[in-house]
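So in my numbering, the last one in the sequence shown is 354, and the numbering has no gaps at all.
All C-beta atoms, glycine included, are put in the ideal place defined by N, C-alpha and C.
Only one structure is covered here, and it is reproduced in the block below.
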Amino acid sequence: MSKNKSKYQHYTIPCLFDLSESALVKVVPHSLVITAFSVLIVALWNYTNIKLGIKSDFILVITFVVSLLLAYRTNAAYTRYWEGRQLWSTMITSIRNLIRYVWANAPKMNQINENNEKEIDFVFRLLAEFAAATNEYLRKASSNDNNEDENNVTIFGKIRKCFQKSKQEQSQIAQPPKIKLIVMYLTQYISQLESRKNIEKPNNATISQMYANVEKLVECLTSLESVIQSPIPKSYIIHLLQTTWIFCLSLPFQLVEDLKWATVPVVFLSSLLLLGVEAIAREIEDPFGTDPNDLKIDDFCKTLDTEQDFVKNHKYMGDQWQKAIDEILNPPEITREQVTVDITVRNNSEFMK
């Protein structure tokens, strides 16, 4: 078995006691209110002549309704969560493809000048910035850019500042202007490549692929907007909460005759579990925030930042490509004497240890 630990290894028994990311902590106050109500019902049953009990048949009917509502609520929320993750994967793939196309179709090393380097660097920064700007937009944080601590700004802070508008201007438009500008600049760059004829292919397949990837970025942004701007209808959520509370508050009336004081812990646990399921759905239906269970979008953006910086620092080989192939396919011959010396040195090193 591999010695490497699985990233899912923490989903074991110890995680049962981890409350840092648990939804149960958030619903404990509500469960305590329901539990206090059950204490009142049990006390009236035991110490007075007031017998507030109902038949347990009622619990069967309302259980079916609550289960259907909670199942739909959870499935709808997770569908939004997974759709958001899939869209981010598609966006990252398109950005990586564009970075690769720009790098591969840059001028040859002997033709690169200072303007070319600045242009390529600018395009790489635009591609990584598109993800960061989308992240900010989804979190509706574009209006708070001016209040952002300078230490928390990424290395793209300067370019963001170029695209930034005032709060008043940002409030008048639904989409941050920097995302529009990034798409415009990327499209213009591809158009310039086409006019310069840097890509010597009759069918312009590479140009078409670059345009297709930019279109895919716009499509992902539009789909992400659809996810965040189309929440689950409020009337459904209200009805679900009302039904769940009615069910939890009706439990003491149905259990008190048989369980007496044991009704209290049963009601507490039941309400904790039911309200916890609803709390989980409420948390994951918007996966673009900063909660512990939201998508790690900041990590996605940092990864793209690192990748574009890595690619940018590896210049296009140009005429040296054939030389690199020759070095890989035709390595220098190693004589028997060199092998003997290498083995002797290695054995001596192991002996000294």
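Separation of the CB atoms of A132 and F301 is rounded to 6 Å, and the pair is thereby assigned contact status at 8 Å. In this structure, E220 sits away from L71, with a CB-CB distance that is not shorter than 9 Å.
Taken through DSSP and simplified to helix, strand or coil, F289 comes out as coil.
Going by DSSP, P253 is part of the alpha helix (DSSP H) stretching over K235 to L260. The Cβ-Cβ distance between A282 and A78 falls below 9 Å. Here I42 is not near T244, since their CB atoms are 9 Å or more apart. The C-beta separation of I35 from V257 comes to about 14 Å, leaving the pair out of contact by the 8 Å criterion. Setting aside the 5 residues that flank it on each side, N205 is surrounded in the same chain by E195, each with a C-beta closer than 8 Å to its C-beta; the list follows chain order. Only exposed fits T223, as fewer than 16 other CB atoms lie within 10 angstroms of its CB. In the structure shown, R140 falls within a coil segment according to DSSP collapsed to helix, strand and coil. In the assembly as shown, F65 is an exposed residue. Its beta-carbon has fewer than 16 other beta-carbons within 10 Å. The criterion of a C-beta distance shorter than 9 Å is satisfied by L99 and L187. A Cβ-Cβ contact shorter than 9 Å links I55 with Q255. For the pair T207 and N117, the CB atoms are not nearer than the 9 Å cut-off. In the three-state DSSP reduction, A24 falls in the coil class, being neither helix nor strand.
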